[in-house]
Amino acid sequence: MNGDHKKWKNRQLSVLHPIHKLLQPHFHDTMNINALARQTLINGDGFIEKFLFPAKYSMEMSSVAYKDWVFPEQAFPADLIKRGMAVEDSISPFGIHLLIQDYPYAVDGLKIWSTIKIWVTEYCNFYYKSDNTVQKDNELQAWWKEIREEGHGDKKDEPWWPKMQTLQELIDSCTIIIWIASALHAAVNFGNYSYGGYLVNRPSLSRKFIPEPGSAEYEELKINPDKNDSPEWTKDQEPLLAFERFGKKLSDIENQIIQMNGDHKKWKNRKKVKGKVVLMKKNVLDFTDIKAAVVDEVVELLGEKVSFQLISSSVFDDPENGSEGKCSNPAYLENWLTNITPIIAGESTFSVTFDWDLNEFGVPGAFIIKNFHLNEFFLKSLTLEHVPNHGKIHFVCNSWVYPAFRYNSDRIFFANQAYLPSETPEPLRKYRENELVTLRGDGTGKLEEWDRVYDYAYYNDLGDPDKGEEYARPVLGGSSEYPYPRRGRTGREPTKTDPNSESRIPLFMSLDVYVPRDERFGHLKMSDFLTFYLKSIVQSLLPAFKALFDNTPNEFDSFEDVLKLYEGGIKFPQGPLLKDINDSIPLEILKDIFHSDGEGLFKFPTPQVIQEDKTAWRTDEEFGREMLAGINPILITRLQEFPPKSNLDPNIYGNQNSTITREQIEDKLDGLTVDEAIKANMLFILNHHDIVMPYLRRINTTTNTETYASRTLLFLQVNGTLKPLAIELSLPHPDGDQFGTVSKVYTPSDQGVEGSIWQLAKAYAVVNDSGIHELISHWLNTHAVIEPFVIATNRQLSVLHPIHKLLLPHFRDTMNINALGRHQLINSAGTVELTFFTAKYSMEMSAVVYKDWIFPEQALPADLIQRGVAVEDSSSPHGIRLLIQDYPYAVDGLKIWSAIKSWVTEYCNFYYKSDDTVQKDSELQAWWKELREEGMVTRKMSLGGLKCKLDKSS
């Protein structure tokens, strides 16, 4: 019935209506609970029929009871008077006098009822000044009519229904509805079972009648009315004597317990330790298994399903042999059933109570958890309150806990305290070491979602040779030709065609590619990635977009076509593919991507550069600005020699030096010569020539791309802005690479054909920059090179290690993003190959660039100095002076770098008092060794050793 009011409110009362706003909070979750109950609780052969005495007649009986249901009698005072529990009394606080004074439900209920009634009265009086206002409110009248005639249609002709013609009728009706949905529901709901729901005094089933005189059961009660056993269970004398001795021992133990519990002085340290557990149940909308939460609720009915055991940090389980810390008896999560799972992902808080003796167990330092549900849950934290002689102990968990049968070892969590390996409390040392062994795995087998293994693999899953030779890609990593950082191992089978390549999973299953579950996205972060996910499948939708892009589905016909992406969006066509998208992506994430109209509108946000002026992107000023403040501001370099020279091997590629001449640019240098401008640090270059040229012939002849290798020269003006001087576009020599290049230089123009050609030259330079940005600046330098650090940190540094705690927040989502990227973005025929000029050579090119990657040069000050955009200067704030003052990436970046450096220095100095501490930290040294020799084995010489505190904070 509660659900009926909710339904009709939403149908007839606008969200703008004051009565909608009044009632809405009290209807939270009602329809969902009722719907789930119809599927699992009140259905035929459901739990109600199995566990309550009416059995299969349960709902039928409730229907008969509903015949006598009268809406006005649901008012709490009216109910008490009707049941004879109260009489009207104008001098009593609430207008009625209770005949049983100590009736908590009535005493407390009347206070709540009165509070609701006063609130509703004040609220309604504000919006309705008279009965006439009520009568003329068409939404209100339609709402009440529909409640009577449809929601409670079987009682529509009852005379007791309020007519909703007066303000008082509105107040009374809203008060009753709120009372039923909130206070009354709370009073009779499962929540009270923790107070009075002992099975003996609240049995729900009876399978025998009361024994009648003369029956065997009755005669047994006469002999032994308090017990239902037989002392003649055996005639053998010896077992009977043994049983007698057993009973005496139990009696002695019972007396000892009573005596100990009564000796408060002796047992001052023995007490119940209360714990607060915060977790998130597996939620129906976050996952494709819609029954998960309901199944766990059902399983919980069968017993205690989540256990906790505290582990001592100061007392050994075996004092003589040491080994592991002593464990408490299991304690169980309380109130799983009564804590209703929300329909949208959210935290739930539960209690757990431990028996803990300080003298026997010491101080807890860890705990073991076992999940006996059928589904996993996300454990956020456990907080122990009032631990004897210690106070509060907090355990930060943030981990998915799967059913216990999925694990080969216990799930353990440590208290929120950092220890270097040598400082670990001895009772916890073995637990610390074993946990790392579990996380490393054994290097074999396919890894499943509940596995917590961090291991290494080559990038051998980008190609799909089983689909055809054109989908094959070289293995990256493990060779001098294509060195690469390692990725996380999944253990999938090799392809049939190439045993060195790992098989791939279908596109619409790729969201489930293996990474340790704790590395998976939360549902909000997932929505950020899914924009790219949908781009990766948009190729399949191109035929449906043909009308939008005329006869050139792979090209934009005009700038107006481009603007449609930002202003109007693209409507996804209905069909099987859209259904696959809907089935693969959680519902609330789709809402973040598509418009709420449900019509699948895919729309890009309008870039700031065209928000005010749709032609602003065409200017040379904007072209130069984006070198410093665009999406790839990390490659511009100061020009230190003219003309620019190539570092490509002339024996292979011939003369690759620039053909730009002084005459082509000196008239744009504000009166300076080229040499003077170089000396004054005013010439800069965006140089993609050497990266692109070795692949350019293959790109232009074996893919749909036709492009150039570019060099762009820029001049730093007095006002601090950059202006382009010349763009050199080069092609491989038609007679062979050894003959060098065919190059052409373009200079700025804003008139006629030359102006159009200049715009095209800038576009080709940006084509180079866009590809290099995504492949090198973004993917290689911030995603791929970090993944080995994530893996090694989890394999070699315990969660207790201070460096693990320092780094972990900055690794969040990295493995998941990279794994999804391998299947949707950087894979063969993926988004990167389809949308960037590098095409099928994209990842191969990034491996070639990785050959020159050096770890210390990734430090921002070192990078700025190496690129010549800054020089060392001890008098400057960060020890370097920028040669371009208005360089947002560098200016802001140095502030962030300095803040990070200061924080890391202070942090490391707290835990490491000397270089010797660093050198003797076994986990730290194993971590760094594994990074060099496994995570980045082909670049191990560029990482160096880790011998002092400065190494860690640099």
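Heads up: the sequence shown runs through residues 74 to 1027, numbered per this note's numbering. All residues carry an ideal CB built from backbone N, CA and C; glycine is no exception.
Would you identify the three-state DSSP class for residue i, choosing helix, strand or coil?
i: ASP886; result: coil
i: ASP181; result: helix
i: PHE450; result: strand
i: MET353; result: strand
i: TYR405; result: strand
i: GLU801; result: strand
i: PHE423; result: strand
i: VAL905; result: helix
i: HIS170; result: strand
i: TRP523; result: coil
i: ARG954; result: strand
i: LEU257; result: helix
At the level of alpha carbons, what is the spacing between residue i and residue j?
i: PRO232; j: LEU153; result: 22 Å
i: LYS540; j: TYR980; result: 51 Å
i: ARG1028; j: TYR768; result: Because the chain spans 74 through 1027 in this model, residue 1028 falls outside it and cannot be assessed.
i: GLY828; j: SER822; result: 5 Å
i: SER574; j: SER919; result: 19 Å
i: HIS668; j: LYS345; result: Annotation note: pLDDT 40 at HIS668 (below 50); position unreliable, coordinate value reported separately. When rounded, the distance between both Cα atoms is 52 Å.
i: VAL379; j: LEU898; result: 40 Å
i: PHE468; j: GLN958; result: 47 Å
i: LYS1002; j: ASN489; result: 27 Å
i: LYS94; j: VAL88; result: 7 Å
i: GLU566; j: ASN116; result: 44 Å
i: MET333; j: PHE423; result: Note on MET333: pLDDT 49, under 50, position unreliable in the model; the coordinate value appears next. Their Cα atoms are separated by approximately 30 Å.
i: GLU420; j: PHE884; result: 23 Å
i: TYR47; j: ILE764; result: No statement about residue 47 is possible, as the shown extent of the chain runs from 74 to 1027 and does not include it.
i: ALA260; j: ARG525; result: 43 Å
i: PRO127; j: HIS258; result: 21 Å
i: ASP245; j: ALA151; result: 12 Å
i: PRO616; j: VAL905; result: Unreliable positioning characterises PRO616 in this predicted model, as indicated by a pLDDT of 42, which lies under 50. The coordinate reading is nonetheless provided below. Each residue's Cα considered, the two are about 20 Å apart.
i: ILE859; j: THR887; result: 8 Å
i: LYS155; j: THR248; result: 18 Å
i: HIS762; j: PHE715; result: 15 Å
i: VAL582; j: TRP831; result: What sits at residue 582 in the sequence shown is Met, not Val. Each residue's alpha carbon lies about 45 Å from the other.
i: ASN107; j: THR113; result: 10 Å
i: ARG577; j: GLN790; result: 52 Å
i: ASP102; j: LEU967; result: 49 Å
Grab me the residues of residue i's own chain with a C-beta within less than 7 Å of its C-beta, minus the 5 sequence neighbours each way, in chain order.
i: GLN737; result: ALA799, VAL818 and THR820
i: GLY516; result: ASP528
i: GLN612; result: Any answer about GLN612 is weak, because its pLDDT of 40 lies below 50 and its placement is not dependable; what the coordinates show is given next. Here the set comprises LEU907.
i: TYR781; result: LEU802, SER803, LEU804 and TYR837
i: VAL872; result: PHE487
i: TRP234; result: PHE144 and ARG221
Among all the DSSP beta bridges, which residues are the ones paired with residue i?
i: GLN382; result: ILE441
i: ASN760; result: ARG784
i: GLY464; result: VAL460
i: CYS197; result: DSSP output for CYS197 lists no bridge partner at all.
i: ALA63; result: Residue coverage of the chain in this structure runs from 74 to 1027, which leaves residue 63 outside it and unanswerable.
i: ALA488; result: According to DSSP, which records beta bridges pairwise, ALA488 is partnered with nothing at all.
i: TYR819; result: ILE800
Residues in the same chain with beta-carbon distance under 6 Å from residue i, minus the five sequence neighbours each way, listed in chain order, please.
i: GLY1008; result: ARG559, PRO861 and ALA865
i: TYR587; result: LEU520 and THR563
i: LYS835; result: PHE696
i: SER472; result: LEU452 and ASP591
i: ALA530; result: ARG560 and ARG562
i: TYR960; result: LEU701
i: ALA215; result: GLN85
i: LYS443; result: SER380 and ALA477
Taking 8 Å as the limit between beta carbons, can you name the residues of its chain near residue i, skipping five residues before and five after?
i: TYR480; result: TRP523
i: GLU633; result: none
i: HIS874; result: ALA491, TYR492, LEU493, PRO494, GLU996 and LEU997
i: ASN342; result: Only weak support is given to the placement of ASN342: the predicted model assigns it a pLDDT of 46, under 50, and the value that follows is read from those uncertain coordinates. Excluding positions up to five away in sequence, the list reads ASP430, LEU431, ASN432, PRO461 and ASN462.
The ligand SAM and residue i: does any heavy atom of the ligand fall closer than 7 Å to the residue's C-beta?
i: TRP690; result: No copy of the ligand SAM appears in this structure; indeed no ligand is present at all.
Say whether chain B places a C-beta atom closer than 8 Å to the C-beta of residue i.
i: LEU406; result: You won't find chain B in this structure, because it holds only one protein chain.
field: Complete runs of the beta strand (DSSP E) confined to the stretch 137-166 [at least 3 residues]
entry: 159-161
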